[in-house]
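Just so we're aligned: the sequence shown equals residues 99 to 264 in the numbering used here. Note that CB positions come from ideal geometry on N, CA and C, so glycine has one too. Below is one structure, written out as structure tokens, with a few remarks after it.
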Amino acid sequence: MDKMAEGSARRMALSTGRRSFLARTGAVIVGGALLPVLPFDRTFGVLPANAAESDEFSCEYWRYCALDGNLCNSCGGTLTQCPPGSEASKVSWVGTCKNPVDGKDYLVSYNDCCGRSECDNAPFCNTNQGERPGYRMGLHNDINWCMANASVGYHCTVAVLVGLAE
Numbered sequence: 099m100d101k102m103a104e105g106s107a108r109r110m111a112l113s114t115g116r117r118s119f120l121a122r123t124g125a126v127i128v129g130g131a132l133l134p135v136l137p138f139d140r141t142f143g144v145l146p147a148n149a150a151e152s153d154e155f156s157c158e159y160w161r162y163c164a165l166d167g168n169l170c171n172s173c174g175g176t177l178t179q180c181p182p183g184s185e186a187s188k189v190s191w192v193g194t195c196k197n198p199v200d201g202k203d204y205l206v207s208y209n210d211c212c213g214r215s216e217c218d219n220a221p222f223c224n225t226n227q228g229e230r231p232g233y234r235m236g237l238h239n240d241i242n243w244c245m246a247n248a249s250v251g252y253h254c255t256v257a258v259l260v261g262l263a264e
């Protein structure tokens, strides 16, 4: 074993000089010192806890805490506007949702969009935080709120911020 180590050390000494050895050693030391500075994924593929809270196409988005229906932003509308060919219901229900970014509670008006057939390609959300029994009409979300419109066909639901809850 000693002869093998001596032979490999002599071959390396013949093929490289002291300067190249020092240059490589210095590069390894400097590279090792800079390695912790390089960006790399420390989450190991796990999404942050609030990732769904910032995705307005997900039922876990904070504004949808009392929503019961299809998301209009997946049906050709936006978070706050009905898709073309449908109109907002004249009556709605209200929920109080906490924004995880600023920690404040907001009043959210949920308006059904009426006049078209139900949107099938959108996620159906059924989050009932703060829902009350059917006799408390303004706080109950299992009603067809399109009943006050001329066209009672339900299409999807929007979530409009009304203001801060106090």
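Starting from A107 and walking both ways along the alpha helix (DSSP H), at which residues does that stretch end?
The residue you call residue 107 lines up with position 9 of the sequence shown. Counting along the chain, the alpha helix (DSSP H) containing A107 begins and ends at D100 to S113.
Sort E185, V199, A103 and P221 by Cα distance to N168 and report the nearest one. For this step, residue 168 is matched to residue 70 along the sequence shown. By alpha-carbon distance to N168, the top candidate from E185, V199, A103 and P221 is P221.
Q. Helix or strand or just coil, what does DSSP make of C223?
A. Position 125 of the sequence shown, counted from the first residue, corresponds to residue 223. The three-state secondary structure of C223, taken from DSSP, is strand.
Requested in this report: Please name the residue, chosen from R161, A246 and S106, that lies closest to G201 on a Cα-to-Cα basis.
Outcome: Residue numbering aside, residue 201 sits at position 103 when the sequence shown is read from its first letter. Nearest C-alpha to G201: R161.
So what does DSSP say about S325, is it helix, strand or coil?
-> The first residue shown for the chain is 99 and the last is 264, placing residue 325 beyond what the model contains.
Check: Measuring CB to CB, does A257 end up less than 8 Å from V206?
Finding: Walking along the sequence shown from the start, residue 257 turns up at place 159. Walking along the sequence shown from the start, residue 206 turns up at place 108. Their beta carbons are under 8 Å apart, which means A257 touches V206 by this criterion.
> Is L145 helix, strand or coil by DSSP?
Replying inline: Residue mapping note: residue 145 aligns to position 47 of the sequence shown, counting from 1. Reliability of the predicted coordinates at L145 is poor, the pLDDT of 47 falling under 50, and no value is obtained from them.
Mind checking which residues open and close the beta strand (DSSP E) that includes C173?
What you label residue 173 is simply residue 75 of the sequence shown in a count that begins at 1. Note, C173: premise wrong, no beta strand (DSSP E); not H, not E.
Same chain, Cβ closer than 7 Å to C310, neighbours up to 5 away in sequence not counted:
Residue 310 cannot be examined here, being either before or after the span of the chain that is shown, 99 to 264.
Worksheet entry | Beta-carbon contacts of C217 that lie in its chain and below 7 Å, excluding the five residues immediately before and after | As a first step, residue 217 is located in the sequence shown; it is residue number 119 there, counting from the start. Result list for C217: N168, C173, H253 and C254, in chain order.
Checklist line | Counted within 10 angstroms of its Cβ, other Cβ atoms place N247 as buried (16 or more) or exposed | finding: Reading the sequence shown from its first residue, position 149 is the one you call residue 247. Burial state of N247 is buried, judged by a 10 Å Cβ sphere holding 16 or more other Cβ atoms.
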